[in-house]
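Peer 1: For the record, the sequence lines run as chains A and B.
Numbering-wise, this note's numbering comes out as the position in the first sequence, counting from 1, plus 74.
Numbering-wise, this note's numbering comes out as the position in the second sequence, counting from 1, plus 74.
There are 2 protein chains.
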Amino acid sequence: MTETPALGPRYRAPARVPSAPRLISPAGAGQVNRTRLLQILYDVGPTSRAQLARISRVTKTTIGAIVQPMIDDGILVEGEPQQSSSQGGKPARPIWFSPVDRPTVAVHLLPGTVRAALVSLTGSVITESSANFEATELDHDVIIDCVTSCIQDVLPSDGGAVLGVGVAVGGIVNTDEGRIVEVNLAPGLAGLELGPLLSRRLGLPVHLDHHPRVQALGDRWFGSGRRASSFASIYCGEAIGVGLVIDGAVHRGVAGAGGEVGHTIVDLGGTVCRCGRTGCWETIASHRWLQAEAAIAGLPAADALTVGPLARLAGDDHAGAEELFDRFARNVAIGIINLQQILAPGLFILHGDVVQGGEELRERVQKYVLDGIPVHAGGAPAITFASADDDITLLGAAALVLSQSLDLLT
Amino acid sequence: MTETPALGPRYRAPARVPSAPRLISPAGAGQVNRTRLLQILYDVGPTSRAQLARISRVTKTTIGAIVQPMIDDGILVEGEPQQSSSQGGKPARPIWFSPVDRPTVAVHLLPGTVRAALVSLTGSVITESSANFEATELDHDVIIDCVTSCIQDVLPSDGGAVLGVGVAVGGIVNTDEGRIVEVNLAPGLAGLELGPLLSRRLGLPVHLDHHPRVQALGDRWFGSGRRASSFASIYCGEAIGVGLVIDGAVHRGVAGAGGEVGHTIVDLGGTVCRCGRTGCWETIASHRWLQAEAAIAGLPAADALTVGPLARLAGDDHAGAEELFDRFARNVAIGIINLQQILAPGLFILHGDVVQGGEELRERVQKYVLDGIPVHAGGAPAITFASADDDITLLGAAALVLSQSLDLLT
DNA sequence: CAAGTTAGTCAGGAAAGTGAACATAGTCAA
DNA sequence: TTGACTATGTTCACTTTCCTGACTAACTTG
Numbered sequence: 075m076t077e078t079p080a081l082g083p084r085y086r087a088p089a090r091v092p093s094a095p096r097l098i099s100p101a102g103a104g105q106v107n108r109t110r111l112l113q114i115l116y117d118v119g120p121t122s123r124a125q126l127a128r129i130s131r132v133t134k135t136t137i138g139a140i141v142q143p144m145i146d147d148g149i150l151v152e153g154e155p156q157q158s159s160s161q162g163g164k165p166a167r168p169i170w171f172s173p174v175d176r177p178t179v180a181v182h183l184l185p186g187t188v189r190a191a192l193v194s195l196t197g198s199v200i201t202e203s204s205a206n207f208e209a210t211e212l213d214h215d216v217i218i219d220c221v222t223s224c225i226q227d228v229l230p231s232d233g234g235a236v237l238g239v240g241v242a243v244g245g246i247v248n249t250d251e252g253r254i255v256e257v258n259l260a261p262g263l264a265g266l267e268l269g270p271l272l273s274r275r276l277g278l279p280v281h282l283d284h285h286p287r288v289q290a291l292g293d294r295w296f297g298s299g300r301r302a303s304s305f306a307s308i309y310c311g312e313a314i315g316v317g318l319v320i321d322g323a324v325h326r327g328v329a330g331a332g333g334e335v336g337h338t339i340v341d342l343g344g345t346v347c348r349c350g351r352t353g354c355w356e357t358i359a360s361h362r363w364l365q366a367e368a369a370i371a372g373l374p375a376a377d378a379l380t381v382g383p384l385a386r387l388a389g390d391d392h393a394g395a396e397e398l399f400d401r402f403a404r405n406v407a408i409g410i411i412n413l414q415q416i417l418a419p420g421l422f423i424l425h426g427d428v429v430q431g432g433e434e435l436r437e438r439v440q441k442y443v444l445d446g447i448p449v450h451a452g453g454a455p456a457i458t459f460a461s462a463d464d465d466i467t468l469l470g471a472a473a474l475v476l477s478q479s480l481d482l483l484t
Numbered sequence: 075m076t077e078t079p080a081l082g083p084r085y086r087a088p089a090r091v092p093s094a095p096r097l098i099s100p101a102g103a104g105q106v107n108r109t110r111l112l113q114i115l116y117d118v119g120p121t122s123r124a125q126l127a128r129i130s131r132v133t134k135t136t137i138g139a140i141v142q143p144m145i146d147d148g149i150l151v152e153g154e155p156q157q158s159s160s161q162g163g164k165p166a167r168p169i170w171f172s173p174v175d176r177p178t179v180a181v182h183l184l185p186g187t188v189r190a191a192l193v194s195l196t197g198s199v200i201t202e203s204s205a206n207f208e209a210t211e212l213d214h215d216v217i218i219d220c221v222t223s224c225i226q227d228v229l230p231s232d233g234g235a236v237l238g239v240g241v242a243v244g245g246i247v248n249t250d251e252g253r254i255v256e257v258n259l260a261p262g263l264a265g266l267e268l269g270p271l272l273s274r275r276l277g278l279p280v281h282l283d284h285h286p287r288v289q290a291l292g293d294r295w296f297g298s299g300r301r302a303s304s305f306a307s308i309y310c311g312e313a314i315g316v317g318l319v320i321d322g323a324v325h326r327g328v329a330g331a332g333g334e335v336g337h338t339i340v341d342l343g344g345t346v347c348r349c350g351r352t353g354c355w356e357t358i359a360s361h362r363w364l365q366a367e368a369a370i371a372g373l374p375a376a377d378a379l380t381v382g383p384l385a386r387l388a389g390d391d392h393a394g395a396e397e398l399f400d401r402f403a404r405n406v407a408i409g410i411i412n413l414q415q416i417l418a419p420g421l422f423i424l425h426g427d428v429v430q431g432g433e434e435l436r437e438r439v440q441k442y443v444l445d446g447i448p449v450h451a452g453g454a455p456a457i458t459f460a461s462a463d464d465d466i467t468l469l470g471a472a473a474l475v476l477s478q479s480l481d482l483l484t
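1. Answer yes if the region 170-183 of chain A comes into contact with the region 146-154 of chain A, meaning at least three C-beta pairs across the two stretches below 8 Å, and no otherwise.
2. Can you name the residues of chain B whose CB is closer than 7 Å to the CB of A/Arg351?
3. Tell me, please, whether the CB atom of A/Met75 is closer than 8 Å to any CB atom in chain B?
4. Say whether chain B places a C-beta atom closer than 8 Å to the C-beta of A/Thr24.
5. With three or more C-beta pairs closer than 8 Å as the rule, is the region 255-269 of chain B touching the region 183-193 of chain B?
6. Measuring alpha carbon to alpha carbon, tell me which residue in A/His450, A/Arg96, A/Ala242 and A/Ile149 is nearest A/Ser479.
7. Hey, how far is the Cα of A/Gly426 from the Cα of A/Ala190?
8. So which residues on chain B does A/Ile246 lean against when the C-beta distance must stay under 7 Å?
9. Please state whether DSSP places B/Phe305 in a helix, a strand or coil.
10. Within the continuous beta strand (DSSP E) that includes A/Asn248, where are the two ends?
11. What are the residues of the region 113-136 of chain A that lie near chain B, defined by any Cβ-Cβ distance shorter than 9 Å?
12. Quick one: which chain B residues come within Cβ less than 9 Å of A/Gln156?
13. Could you check what DSSP says for A/Leu284 in three-state terms: helix, strand or coil?
14. Is it the case that the region 402-410 of chain B contacts the region 355-363 of chain B, given that we only count it when at least three CB pairs across the two stretches are under 8 Å?
15. Touch check for the region 453-467 of chain A and the region 370-378 of chain B: three-plus C-beta pairs under 8 Å?
16. Which residues share a DSSP beta bridge with B/Leu421?
17. Along chain B, in chain order, which residues have C-beta atoms closer than 7 Å to that of A/Glu319?
18. Using a beta-carbon distance below 8 Å, is A/Gly420 in contact with chain B?
19. Identify whether B/Tyr85 lies in helix, strand or coil by the three-state DSSP scheme.
20. Comparing alpha-carbon positions, which option in B/Phe296, B/Ser461 and B/Gly119 lies nearest B/Gly431?
21. Using 8 Å as the threshold, is the C-beta distance between B/His285 and B/Ala242 below it?
22. Counting only runs that start and end within the region 85-158 of chain B, where is the alpha helix (DSSP H) found for 4 or more residues in a row?
23. Between the region 235-250 of chain B and the region 173-181 of chain B, do three or more beta carbon pairs fall short of 8 Å?
24. Which class does B/Asn258 belong to by DSSP, given the choice of helix, strand or coil?
25. Does the region 264-280 of chain B touch the region 440-448 of chain B, meaning 3 or more C-beta pairs lie closer than 8 Å?
26. If you follow the alpha helix (DSSP H) that B/Val188 is in, where does it begin and where does it stop?
27. Hey, B/Pro496 and B/Leu192 are a contact pair by Cβ (cut 8 Å); roughly how many whole angstroms apart?
28. Closest Cβ-Cβ distance between B/Thr458 and chain A: below 8 Å?
29. Rounded to whole angstroms, what is the Cα-Cα separation between A/Ser194 and A/Val475?
30. Can you tell me whether B/Gly494 is helix, strand or coil according to DSSP?
31. What are the partner residues of B/Thr201, as DSSP defines its beta bridges?
32. Measure from the C-beta of A/Val280 to each C-beta in chain B and report whether the shortest distance is under 8 Å.
33. For chain A, is any of its Cβ atoms less than 8 Å away from the one on B/Thr338?
34. Can you check whether the C-beta of A/Gly269 is within less than 8 Å of a C-beta belonging to chain B?
35. Within 10 angstroms of its Cβ, does A/Ser307 collect 16 or more other Cβ (buried), or is it exposed?
36. Exposed or buried, B/Arg454, counting other C-beta atoms within 10 Å across all chains shown (16 or more means buried)?
Spelled out as structure tokens, the structure:
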């Protein structure tokens with residue numbers, strides 16, 4: 075008889091068991107339901123118990139049982155009684171998230187710049203800070219120091235509990251390992267294990283993800299994708315990327331790949347992209363293309379042209395600008411058409427410099443998209459521009475933490 | 075006090091409530107768990123209660139409680155006791171689906187041809203039948219008659235209970251309404267409300283979907299996508315389409331749109347597609363392109379060339395064929411690259427005439443795909459060819475019914 | 001001020017998974 | 001042949017969770 079090792083029961087290699095969805099236990103169902111209810115609350119905003127019961131198709135009793143402990147715990151707060159409806163009745167008291175309890179830290183990491191904010195559960199920025207580092211910096215320690223101190227600037231001074239840190243990275247990341255794979259223009263960030271390193275320094279859970287996916291999360295939780303079950307959140311500026319929300323959840327490919335829609339091939343015979351391949355969408359719908367074409371057309375300040383100035387030129391009836399503006403709209407539409415043909419999300423939310431083109435650009439893009447897809451019962455896809463000056467990426471980084479922590483909110 | 079109408083409680087228009095995920099009740103959890111367990115059983119094949127308990131991370135007790143009523147009901151059967159492991163122990167009795175109880179009807183509708191089969195819960199074809207109609211036929215009644223009689227040929231003669239009818243349509247469908255929107259080469263099918271009409275004639279639930287999505291379901295349930303949580307099932311022959319499995323579920327766009335990857339734009343300056351737009355993937359990777367290029371290259375029988383003969387010509391060191399074969403591989407890779415860049419499913423299962431290219435073609439496609447995507451921690455995507463003569467679409471049509479009916483299997 | 005209406009709470013009941021103990025049926029070695 | 005060992009499958013008391021129905025609270029209207 076062999077002795078059982080002190081470390082625990084003898085390990086026996088299990089039969090090769092494929093990972094499978096777990097079954098739900100009553101206790102697990104409670105966890106799931108608490109999480110879902112909080113999701114619903116985010117979707118609909120401050121809402122009374124009775125209304126939540128109607129939305130989630132359960133009884134008021136159940137809602138009360140779920141919500142009351144959270145109120146006692148300080149996560150949720152009960153608002154002032156609202157006006158009764160004209161039919162009378164006890165006035166409803168809306169439930170909403172605490173504006174101070176358990177905030178999250180949101181970080182946006184760009185080549186040379188880091189931006190950090192303390193974000194409340196209600197989705198508003200409490201404190202903000204930013205710092206710069208040399209984009210050519212190769213020493214990981216220097217970068218980590220910079221990021222850490224920027225975060226510490228926004229941490230609550232009273233040392234109150236923070237849920238975690240969410241990081242949006244403007245480059246390719248491995249979400250499984252919390253590692254940055256590559257960031258254009260910032261070679262020093264390549265290979266940086268930002269997740270584990272930050273987590274160790276701060277003693278907080280850290281989640282990081284690809285910028286357009288974080289942006290999509292921001293749209294889903296706090297922006298115009300709020301109640302949409304599927305949509306594409308596109309960033310279009312100096313580069314192009316997409317975050318896909320499919321059936322209410324942000325889609326990640328294996329280990330966090332995917333979303334590189336800027337480097338899908340749309341023009342086989344086209345020009346060479348900075349990625350080394352030929353005919354990427356980015357070669358016909360990013361700043362680089364805009365500036366090259368503007369130079370050819372002889373537009374003023376062509377080599378620094380962006381969408382806003384181009385729109386103004388086009389609005390002033392500058393013939394070359396008008397023509398370029400329209401081609402830009404068509405080129406932006408190409409990638410959207412392809413996404414719609416493949417996935418048919420039905421809603422496209424555009425961010426980045428492209429929104430500087432305003433309603434005029436949006437309408438043109440929409441027209442080209444509608445021209446480019448067959449009429450189908452699914453209905454015409456909607457193209458919307460995000461507001462130009464929002465913090466949706468920071469809010470998305472906060473949502474990144476929330477989406478992983480909701481079940482920790484007891 | 076107004077009287078309550080006889081039809082039921084007075085209907086009161088609810089406050090505009092956004093559709094939201096329901097919370098899970100204990101009873102609902104049971105339903106979900108039964109369904110999940112059956113899904114797991116499909117994924118892993120015949121399996122003992124104890125093994126199922128390990129896979130689904132619940133106790134043997136629970137599995138027994140779920141499985142026993144289904145055995146009593148005849149849906150599941152207990153196999154012969156297996157050999158004990160070398161360590162001894164009571165021999166396990168694998169549980170599996172009944173090969174005769176509650177079969178489904180699978181239908182594949184193509185321009186001019188309909189194929190029907192009776193498929194068992196175990197995923198094997200019990201009976202099969204096919205019929206032809208004029209592809210130019212415009213009378214809906216004639217088509218429905220043809221489909222109905224083809225189905226009745228395979229219905230069990232003893233009138234045993236059939237779960238339902240699944241239909242794969244080689245064209246655009248509206249899955250919400252069970253309506254065919256458009257089928258290339260068969261204008262009479264456009265607008266046909268096949269779902270409701272068949273359902274009324276047969277008295278059975280009918281589900282229909284776009285062919286590549288049905289094919290993906292077949293791969294997911296009975297093919298090489300069986301345990302994969304995400305993959306793309308591509309049909310590539312006279313046309314190109316894709317069915318996407320994302321997180322274990324087949325993705326449908328709004329009302330069943332999406333999957334039209336053949337008409338994504340990959341070659342802006344290219345040739346005009348039969349869809350009327352320019353530069354679709356289909357214009358460079360379907361039969362039409364192959365035959366046009368073969369004619370230019372002076373290959374024999376160019377106007378009826380398909381992939382199999384081309385592969386043989388190339389294998390015989392026919393210079394023009396070899397070069398065309400390679401370009402075809404590259405062109406097929408283009409669309410796969412784009413899908414991988416956007417969604418990174420990590421696995422691509424190819425069906426249709428393209429598989430006639432054999433391992434030689436598969437390797438070339440894989441090489442071009444790997445050349446066309448950045449190295450990323452997610453790992454290199456796998457490209458696989460389905461076996462040439464399988465019934466995966468019919469099995470997928472059966473799975474279409476199963477996936478909607480699992481919770482009806484008590 | 002009474003009737004009607006809506007919000008929120010309290011006690012009892014049903015569904016479902018858990019965990020420990022037990023019956024069942026094999027292997028292996030003395 | 002027997003006993004120790006191992007693994008499968010079943011029985012029963014227990015916990016969690018949500019539902020039902022009755023109740024209190026608060027406001028509007030006539």
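Note that beta-carbon positions come from the ideal geometry of N, C-alpha and C, so glycine has one too.
Peer 2: To lay it out plainly:
1. Output reads yes: the region 170-183 of chain A touches the region 146-154 of chain A.
2. Neighbours of A/Arg351 on chain B, chain order: Gly446.
3. With a pLDDT of only 30 at A/Met75, under 50, the local geometry of the prediction cannot be trusted, and the value read off the model is given with reservation. By this cut-off, A/Met75 is not an interface position.
4. A question about residue 24 of chain A goes unanswered here, because the residues of chain A that appear run from 75 up to 484.
5. In this structure the region 183-193 of chain B lies against the region 255-269 of chain B, because at least three pairs of beta carbons, one per stretch, are closer than 8 Å.
6. Nearest C-alpha to A/Ser479: A/Ile149.
7. Those two C-alpha atoms are separated by around 19 Å.
8. What A/Ile246 touches in chain B: His450.
9. Strand at B/Phe305.
10. Secondary structure note for A/Asn248: its beta strand (DSSP E) is the uninterrupted segment Ile246 to Asn248.
11. The region 113-136 of chain A vs chain B, Cβ under 9 Å: Gln113, Ile114, Asp117, Val118, Gln125, Arg128, Ile129, Ser130, Arg131, Val132 and Thr136.
12. Residues of chain B whose Cβ lies closer than 9 Å to the Cβ of A/Gln156 do not exist; the shortest such Cβ separation is about 13 Å.
13. Position check: residue 284 of chain A holds His in this sequence, whereas Leu was assumed. In the structure shown, A/His284 sits in a strand (DSSP, three-state: E or B).
14. By the Cβ criterion, the region 355-363 of chain B is in contact with the region 402-410 of chain B, since at least three pairs of Cβ atoms, one from each stretch, lie closer than 8 Å.
15. Using a Cβ-Cβ distance cut-off of 8 Å, the region 453-467 of chain A and the region 370-378 of chain B are not in contact, since fewer than three pairs of beta carbons, one from each stretch, lie closer than that value.
16. Its beta-bridge partners are B/Ala456.
17. Residue 319 of chain A is actually Val in this sequence, not Glu. Going along chain B, no residue has its Cβ under 7 Å from A/Val319, so there is no contact; the nearest lies around 12 Å.
18. Closer than 8 Å: yes.
19. Note that B/Tyr85 has pLDDT 23, beneath the 50 cutoff, so the model's placement of it is unreliable and the number below is only indicative. The three-state secondary structure of B/Tyr85, taken from DSSP, is coil.
20. That would be B/Ser461, whose Cα lies nearest to the Cα of B/Gly431.
21. Result yes, Cβ atoms of B/His285 and B/Ala242 sit closer than 8 Å.
22. For the region 85-158 of chain B, whole alpha helix (DSSP H) runs of length 4 or above, ordered along the chain, are 100-118, 123-130 and 134-147.
23. The region 235-250 of chain B, when compared against the region 173-181 of chain B, does touch it at the 8 Å Cβ threshold.
24. Secondary structure of B/Asn258 (DSSP, three-state): coil.
25. Touching, no.
26. No alpha helix (DSSP H) contains B/Val188, which is instead part of the beta strand (DSSP E) from Thr187 to Val193.
27. Residue 496 of chain B falls outside the range modelled here, since chain B spans only 75 to 484, and no answer is possible.
28. Answer no: the Cβ-Cβ gap between B/Thr458 and chain A never drops below 8 Å.
29. Rounded to whole angstroms, A/Ser194 to A/Val475 spans 12 Å at the Cα level.
30. Coverage of chain B is limited to positions 75 through 484, which leaves residue 494 of chain B absent and any answer about it impossible.
31. The secondary-structure analysis by DSSP pairs B/Thr201 across a beta bridge with B/Leu192.
32. It does not; no Cβ of chain B falls within 8 Å.
33. In terms of beta-carbon proximity, B/Thr338 lines the interface with chain A, with at least one pair separated by less than 8 Å.
34. No, A/Gly269 lies away from the interface with chain B (no Cβ there is under 8 Å from its Cβ).
35. Classification of A/Ser307: buried, given that the 10 Å Cβ count is 16 or more.
36. Per the sequence presented here, residue 454 of chain B reads as Ala, with Arg not at that position. It counts as exposed.
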